[in-house]
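**Student:**
2 protein chains.
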Amino acid sequence: MDFRETRYGVCTPGFKAAGVKRGRYGVALILADGVCGTAAVFTGNNVKAAPVKYTKGMFRNGVQAVVANSGNANCCVPGGMEDAREMASEASRVLGVGLRHVAVSSTGIIGRRMDVHAVKELIQEAADRLTPSPKGSLQAAKAIMTTDRRIKMYSAECGGVHVGGICKGAGMIAPDMATMLCYITTNAIVRGAELQSALREAVEESFNMISVEGDMSTNDTVLLMSSMSVRCGLKDFKQLLKRVTGELARMIVRDGEGASKFIEVEVRGARSAGDARRGVKAVINSPLVKTAFYGENPNWGRIAAAMGSAIRFDEGKLDISFASGSSTARVVKSGRTMSLDAAKRILANRNIKVVVDLHAGGHSAVGWGCDMTTDYVRINAGYS
Amino acid sequence: MDFRETRYGVCTPGFKAAGVKRGRYGVALILADGVCGTAAVFTGNNVKAAPVKYTKGMFRNGVQAVVANSGNANCCVPGGMEDAREMASEASRVLGVGLRHVAVSSTGIIGRRMDVHAVKELIQEAADRLTPSPKGSLQAAKAIMTTDRRIKMYSAECGGVHVGGICKGAGMIAPDMATMLCYITTNAIVRGAELQSALREAVEESFNMISVEGDMSTNDTVLLMSSMSVRCGLKDFKQLLKRVTGELARMIVRDGEGASKFIEVEVRGARSAGDARRGVKAVINSPLVKTAFYGENPNWGRIAAAMGSAIRFDEGKLDISFASGSSTARVVKSGRTMSLDAAKRILANRNIKVVVDLHAGGHSAVGWGCDMTTDYVRINAGYS
């Protein structure tokens, strides 16, 4: 597919955005010209923040406006539902959008009551700044950052079809308190069930291939809004959507808390797609693998052991190689260890690709992770 | 049950032990007066070290001698099976024990061929030092240490029935390369299937309630040998065995890599025993919870979120308290956060107990963990 990158972020044609940050709180608004075809994917955590429950209950009405705050996750607090509803009401009132079409998200600390008055003030301010220019998208992306160090937005276009998004997420390893929020806009005409399954599929191959450990956030939300104005083949739409979710997901990993290296892991030759995915996840989630990369230590035994905890394979057929830029070093060939000198040089780089071939079948999967550093521990010991 | 602690370690009546360490390698021997009733539990990792496969294939013959080396895991290497067999043969020859009654274990680095000649030399040396005195147990425990800082042995007696063991394990978080080896001896007459199920049950409540993340070792082995000489009720035997495995398991956590705090987690009021266990494990395995304890940060939201990723419960009924020594601080009562000042003071201690009450049923479970520190990362970045 021949797409081109654009600079719209979430401000693709038909959408405005704004963001304000002051003190502990930030507020982002996204406003569509009309009610959108809407799809959404939420956290699988059994503990769900109030705004997740709220938005889960309403997004099928079609979303026209999103209000999201940083600074407080509005999770595990009595009165959380009331606060989520009050945020939605305020946005509804200020933007002149029916309450049933306003989605709400929150990100920040769990278990503390939100200062809903502070948030309401910021909603008003943000509303005054709504703009269809990419600046609005940038401000919105900034407003929802917590431990993020980088702004995350991406958009692309193909044959008049636009898909663009912003997200926040403070790292690979640590879907923190209220990790991952992502809003995507498009003008593609893709109806109901297909929009939802396209989003689910795109999330599976992007955000779910970077996400992590036992630590699943209570607030994760990915929301896709379509103005339904330009015809588009479903296959092309899916490809464009995956491009956007993939780029955003990789931005989260690159911004991983304390991360010093970006690691792409590909498992090939797996018996099934599920095996390939589980193999990739076991590797990118393993603290021992992550700390080995931090130490620039080509300890492929940890990779084999991590995969072995998740899937069955024949160690005697295992190939593993490390690559960076144009250099490649094979560290294991048919289960036999090779010289590790070239691998050590490769691990000194910032971007590393690990390819594992199981020689058991025709399936493969790719995922993205980062190393685990002493800074990761420092950041998470201190955050509150 | 009225038991008393003893100092035998694995040298309970009817057993001798010895250990030697030199350079990169260490060797431990345990020798019984005759062939023992034997039970064993091995790693669930699909990648299994050669000695695990070897011992899994023979322990039902009854074990009379154990030979274990540190320095190399004998895992993911061509020729590993031959090396494991050669270790067993050498021990068989030197000790005059039938080859089919010799069990083998290894711990250390994965993917590098073992220097089996060095190990054979140490086997001979260790054989010369075999002794029924507790010193033999101590030397054996020392010989299998890798990143362990403390020797781990424990034994107890009740009505003439002895159970004693040694183990190695370098930490809660990081079942390293070849984490956990444990040998237990007894004189209790407990036959076949009952011995196996007693061991399985004891492991479930001890080593499996400290174990960890994605990182499951390829070499984990728990072996129980009985000389079958003293009558003992099954219930009493189980209790004594659980005492020994529990103490050894907690020793592993206290020696956790880089750990600065020991954390006991109890989940009460769960709908099922499985829920209680999964809840405990989710908490002790969460890097976010672990780093929060390191930071002495009473961030109970992370505890709720970690449990929510594993089990369903009503946040509105949740009680959480922290305790240390005689001080207790309730941080959440019926889902509402309390003052955290007292909790902060408690978290400044080294030993912390977390009690979570779900108010959903009558089941409970207990597990043990440690905090995650910058030293954890440093140790695992450097180890090779």
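Same order as they appear, the protein sequences are chains A and S.
Under my numbering, the letters of the first sequence match residues 1 to 384, in that order.
Under my numbering, the letters of the second sequence match residues 1001 to 1384, in that order.
Even for Gly, the Cβ is constructed at its ideal location relative to N, Cα and C.
For S:T1328 and S:S1321, I'd like the C-alpha separation in whole angstroms.
**Tutor:** 7 Å
**Student:** Would you call A:P78 buried or exposed, if buried means 16 or more other Cβ atoms sit within 10 Å of its Cβ?
**Tutor:** Exposed: under 16 other Cβ atoms inside 10 Å.
**Student:** For S:S1272, is the classification buried or exposed, using 16 other Cβ atoms within 10 angstroms of its Cβ as the cut-off for buried?
**Tutor:** exposed
**Student:** Using 8 Å as the cut-off, can you tell me whether the region 146-160 of chain A makes contact with the region 234-250 of chain A, which would need three or more C-beta pairs spanning the two stretches below that distance?
**Tutor:** yes
**Student:** Hey, A:V104 and A:Y54 are a contact pair by Cβ (cut 8 Å); roughly how many whole angstroms apart?
**Tutor:** 5 Å
**Student:** In this structure, does DSSP put A:I166 in helix, strand or coil?
**Tutor:** strand
**Student:** In the region 311-337 of chain A, which residue ranges form an unbroken alpha helix (DSSP H) of at least 4 residues, counting only runs that do not cross its ends?
**Tutor:** Counting only runs of 4 or more, we get nothing.
**Student:** In its own chain, which residues sit with a C-beta less than 7 Å from the C-beta of S:G1316, not counting the 5 before and 5 after it?
**Tutor:** S1334, G1335
**Student:** By the 9 Å beta-carbon criterion, what residues does the region 44-68 of chain A contribute toward chain D?
**Tutor:** Checking the listed chains, one finds no chain D in this structure; the protein chains it contains are A and S.
**Student:** What are the residues of the region 293-305 of chain A that lie near chain S, defined by any Cβ-Cβ distance shorter than 7 Å?
**Tutor:** Y294, G295, N297, N299, W300, G301, A304, A305
**Student:** Residues of chain A with CB closer than 7 Å to the CB of S:C1076, please, in chain order.
**Tutor:** G301, A304, E315, G335
**Student:** Just to confirm my understanding: we take S:V1280, look at its own chain, exclude 5 residues before and 5 after, and list those with CB closer than 6 Å. What are they?
**Tutor:** Non-local C-beta neighbours of S:V1280 in its own chain, meaning closer than 6 Å and more than five positions away in sequence, comprise V1265, V1267, A1365, G1367, ordered along the chain.
**Student:** Please confirm whether A:S70 and A:G26 have their CB atoms less than 9 Å apart.
**Tutor:** yes
**Student:** Whose C-beta lies closer than 8 Å to the C-beta of S:V1331 among residues of the same chain, with five residues either side of it excluded?
**Tutor:** Result list for S:V1331: P1298, W1300, I1320, S1321, F1322, T1337, M1338, L1340, A1343, in chain order.
**Student:** What is the rounded straight-line gap between the Cα of S:A1028 and the Cα of A:C167?
**Tutor:** 55 Å
**Student:** Determine which residues of the region 1220-1245 of chain S have a Cβ less than 8 Å from any Cβ of chain A, and write them out in chain order.
**Tutor:** Under the 8 Å Cβ criterion, the region 1220-1245 of chain S contributes no residue.
**Student:** Would you grab the beta carbon distance between S:D1220 and S:F1059 for me? Rounded to a whole angstrom, and I think it's under 8 Å.
**Tutor:** Actually they do not touch by this definition, with Cβ atoms about 14 Å apart.
**Student:** So, at 6 Å on beta carbons, what are the nonlocal neighbours of S:G1009 in its own chain, with the 5 sequence-adjacent residues on each side left out?
**Tutor:** Here the set comprises P1134, S1137, M1153, S1155, G1164, I1166.
**Student:** List, in chain order, every chain S residue whose beta-carbon is nearer than 9 Å to that of A:R112.
**Tutor:** G1301, T1337
**Student:** Would you list, in chain order, the members of the region 357-383 of chain A that have their beta-carbon closer than 9 Å to a beta-carbon of chain S?
**Tutor:** D371, M372, T373, T374, D375, Y376, V377, R378, I379, N380, A381, G382, Y383
**Student:** Nearest to A:G160 by CA position, among A:G23, A:R4, A:A65, A:V355, is which residue?
**Tutor:** A:R4
**Student:** Going by the beta-carbon positions, is the gap between A:A305 and A:F237 smaller than 9 Å?
**Tutor:** Not a contact, by the Cβ cut-off of 9 Å.
**Student:** Would you identify the three-state DSSP class for S:A1028, choosing helix, strand or coil?
**Tutor:** strand
**Student:** Let's test the definition: count the other Cβ atoms within 10 Å of the Cβ of S:D1033 and tell me whether it reaches 16, buried, or not, exposed.
**Tutor:** By the neighbour-count criterion, in which a residue is buried when 16 or more other Cβ atoms sit within 10 angstroms of its Cβ, S:D1033 is exposed.
**Student:** Which of the three DSSP states is assigned to S:H1359 in this structure?
**Tutor:** coil
**Student:** What does A:T218 reach in chain S if we use C-beta pairs closer than 7 Å?
**Tutor:** A1305, G1308
**Student:** Residues of chain S with CB closer than 9 Å to the CB of A:I109, please, in chain order.
**Tutor:** When 9 Å is used as the limit between beta carbons, A:I109 is near these residues of chain S: N1299, G1301, in chain order.
**Student:** Quick check: S:A1127 and S:V1102, are their CB atoms within less than 9 Å of each other?
**Tutor:** The Cβ-Cβ distance between S:A1127 and S:V1102 does not fall below 9 Å.
**Student:** What residue range does the beta strand (DSSP E) around S:V1222 cover?
**Tutor:** Taken as a continuous stretch (DSSP letters only), the beta strand (DSSP E) holding S:V1222 covers 1221-1230.
**Student:** Using a Cβ-Cβ cut-off of 6 Å (strictly less than) and excluding sequence neighbours within five positions of A:C75, which residues of its own chain qualify?
**Tutor:** A49, I110, T218
**Student:** Of the residues A:K290, A:H359, A:R312, which one's Cα is nearest the Cα of A:L347?
**Tutor:** A:K290
**Student:** Shorter than 9 Å from the beta carbon of A:L29 to some beta carbon of chain S?
**Tutor:** no
**Student:** According to DSSP, is S:D1371 helix, strand or coil?
**Tutor:** coil
**Student:** Terminal residues of the continuous beta strand (DSSP E) containing S:Y1183?
**Tutor:** That run of the beta strand (DSSP E) goes 1181-1188.
**Student:** Throw me the rounded Cβ distance for the A:M307 and A:A276 pair, which I believe falls under 8 Å.
**Tutor:** With 8 Å as the limit, A:M307 and A:A276 do not qualify as a contact, their Cβ atoms being about 10 Å apart.
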